[in-house]
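I have placed the structure first, in the form of structure tokens, so that the comments after it can refer back to it.
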Amino acid sequence: MTALGFYIFWILNWIFTLLPLRLLYLFSDMIFPLVYFFPSYRKKVVMENLRNSFPEKTPEELKKIKRKFYSHLADMMIETLKMTHLSKAEMKRRYVVTNPELIKKYKDEGRDIAAVCGHYNNWEWMSATPLYTDIKCVTIYRPMTSKLFERFMNHLRAKNGFSLTANSNIVRDIINNHSAGVNALYAFIADQVPPRSDIKYWTRFLNQDTPVYLGVEKIARKYNMVVMFVNNQKVRRGYYTVTFEVLFDDPLSVPDHVITDTHVRRLEQIINERPEYWIWSHKRWKHKHTEVND
Numbered sequence: 050m051t052a053l054g055f056y057i058f059w060i061l062n063w064i065f066t067l068l069p070l071r072l073l074y075l076f077s078d079m080i081f082p083l084v085y086f087f088p089s090y091r092k093k094v095v096m097e098n099l100r101n102s103f104p105e106k107t108p109e110e111l112k113k114i115k116r117k118f119y120s121h122l123a124d125m126m127i128e129t130l131k132m133t134h135l136s137k138a139e140m141k142r143r144y145v146v147t148n149p150e151l152i153k154k155y156k157d158e159g160r161d162i163a164a165v166c167g168h169y170n171n172w173e174w175m176s177a178t179p180l181y182t183d184i185k186c187v188t189i190y191r192p193m194t195s196k197l198f199e200r201f202m203n204h205l206r207a208k209n210g211f212s213l214t215a216n217s218n219i220v221r222d223i224i225n226n227h228s229a230g231v232n233a234l235y236a237f238i239a240d241q242v243p244p245r246s247d248i249k250y251w252t253r254f255l256n257q258d259t260p261v262y263l264g265v266e267k268i269a270r271k272y273n274m275v276v277m278f279v280n281n282q283k284v285r286r287g288y289y290t291v292t293f294e295v296l297f298d299d300p301l302s303v304p305d306h307v308i309t310d311t312h313v314r315r316l317e318q319i320i321n322e323r324p325e326y327w328i329w330s331h332k333r334w335k336h337k338h339t340e341v342n343d
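Here it is as structure tokens:
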């Protein structure tokens, strides 16, 4: 995207998202056939991912999941852009953290938290978490090719109090927070695809050999962080609940790869329960185990 194209997008988005969300969903209903039918946005990728993940399902069942996924994807695009004008009050009404007292418990104990989530439901609305807690919240992001669009997205993510750090800077930021006596919740997106050169570990995920980052495990063990899974569930259109689940309270006592396998299994479990809400258009399995040296 050129600079001119970005600024045109920014102005149109700022005006467009002044509309209430209930009206913006009408545009989502119009976007859905565009991404689903003409042209088909990564339709082959989506179907291949679904077939490989659910070999036991019939073609009709897979098509039903696919259709629901594209409908949800259109909604999520609108919901993410609407963050431009969502007030804190409306954000809390639509994105409810069910157990903020759990975060408070570990903050009061002087513990840091490694909060693991996936590209499931509207993960961008996790930026509302600081509205429910006074612990410092830090989200780790992967830098984008377009620095203008990266600044736009990071502005939306930081609106409610999230601090942001690039994945290459996370250790530096943890050390700085420790030096300042600041405990924090660090939010990791755990189902990103590692670059080929960074693949160190494979596990089974959705019936496929899958390369995964070991960053959550390494950081949690190095800094004795509580490991939590972020269970993000869609209640209805435009409304989500999030429950923080403790996976490991004492990561130092856990053998290698157990933390990683556990949070991968938990994500797999919720995907199996409601598969239409995972981001099937990602090329999650573009690296094959037979082609990459461990």
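Take any residue in the sequence shown, note its place counting from 1, add 49, and you have its number in the numbering used here. Backbone N, C-alpha and C define an ideal beta-carbon position, used for all residues, glycine too. Predicted, not measured: the structure shown is a model, and the values here were computed from it.
Just checking, does the region 302 to 314 make contact with the region 241 to 252 on the three C-beta pairs under 8 Å criterion?
When C-beta atoms of the region 302 to 314 are compared with those of the region 241 to 252, three or more pairs fall below 8 Å, so the two segments count as touching.
Please return the same chain residues whose Cβ sits closer than 7 Å to the Cβ of Lys153, not counting the five positions on each side in sequence.
Thr182
Residues of its chain near Met274, where Cβ-Cβ distance is below 8 Å and the 5 sequence neighbours each way are ignored
Setting aside the 5 residues that flank it on each side, Met274 is surrounded in the same chain by Arg160, Asp161, Ile162, Ala163, Tyr235, Ile268 and Pro300, each with a C-beta closer than 8 Å to its C-beta; the list follows chain order.
Inter-residue spacing [alpha-carbon to alpha-carbon] between Gln318 and Leu53
Rounded to whole angstroms, Gln318 and Leu53 show a C-alpha spacing of 43 Å.
Please list the segments of the alpha helix (DSSP H) lying wholly inside the region 54 to 115, counting only runs of 4 or more residues, in order along the chain.
70 to 85 and 92 to 102
For Arg286, which of helix, strand or coil comes out of DSSP?
If DSSP states are grouped into helix, strand and coil, Arg286 belongs with coil.
For my contact list, Tyr144 and Val261 are in at a C-beta cut-off of 8 Å; report their separation, rounded to the angstrom.
That pair is no contact at about 27 Å.
Is it right to say Lys337 is buried, meaning 16 or more other beta carbons lie within 10 angstroms of its own, or is it exposed?
Per the 10 Å Cβ criterion, exposed.
Whole runs of the alpha helix (DSSP H) within the region 134 to 171, excluding any shorter than 4 residues:
137 to 143 and 149 to 157
Just to confirm before moving on: does the CB-CB distance between Tyr85 and Ser330 stay below 9 Å?
no
Can you list, in chain order, the stretches of the beta strand (DSSP E) that have 3 or more residues and sit fully within the region 258 to 337?
275 to 285 and 288 to 297
With Arg253 as the anchor, note down where its beta strand (DSSP E) starts and where it stops.
Trp251 to Phe254
Please classify Glu233: does DSSP put it in a helix, a strand, or coil?
In the sequence on display, residue 233 carries Ala and not Glu. Ala233: strand per DSSP, three-state reduction.
Quick test of your reading: Tyr169 and Trp334, contact by CB under 8 Å. State the CB separation rounded to the nearest angstrom.
About 17 Å; that fails the 8 Å criterion.
Rounded to the nearest angstrom, how far is the Cβ of Ser176 from that of Lys131, given a contact under 8 Å?
With a Cβ gap of about 12 Å, Ser176 and Lys131 do not count as contacting.
Taking all protein chains shown into account, do 16 or more other C-beta atoms lie within 10 angstroms of the C-beta of Leu67, making it buried, or fewer, making it exposed?
exposed
Can you tell me whether DSSP reads Ser212 as helix, strand or coil?
strand
Can you tell me the Cβ-Cβ gap for Ala233 and Asn226, rounded? I've got them flagged as a contact below 8 Å.
5 Å
Who are the Cβ neighbours of Asp343 in its own chain at under 6 Å, not counting the five residues just before and after it?
Bear in mind that the predicted position of Asp343 carries a pLDDT of just 48, short of 50, making it too unreliable to give a figure here.
Could you give the residue range of the alpha helix (DSSP H) that holds Ile189?
No alpha helix (DSSP H) holds Ile189; the beta strand (DSSP E) holding it covers Lys185 to Tyr190.
Identify the residues that DSSP records as bridge partners of Ile238: which are they?
Answer is Cys166.
So, helix, strand or coil for Ile248, using DSSP?
coil
Does the beta-carbon of Arg155 have 16 or more other beta-carbons within 10 angstroms, so that it is buried, or is it exposed?
The displayed chain sequence assigns Tyr, not Arg, to residue 155. Buried.
Limits of the alpha helix (DSSP H) - the one that Met202 falls within
Unbroken alpha helix (DSSP H) run through Met202: Lys196 to Ala207.
What is the rounded straight-line gap between the Cα of Met126 and the Cα of Ile189?
21 Å
Kindly list the residues whose CB is nearer than 6 Å to the CB of Lys117, restricted to its own chain and excluding five residues on each side of it in sequence; keep chain order.
Glu325
Taking 9 Å as the threshold (C-beta atoms), are Val146 and Thr107 in contact?
no
Do you know offhand how far Val284's Cα is from Ser136's?
Going by C-alpha positions, Val284 is about 20 Å away from Ser136.
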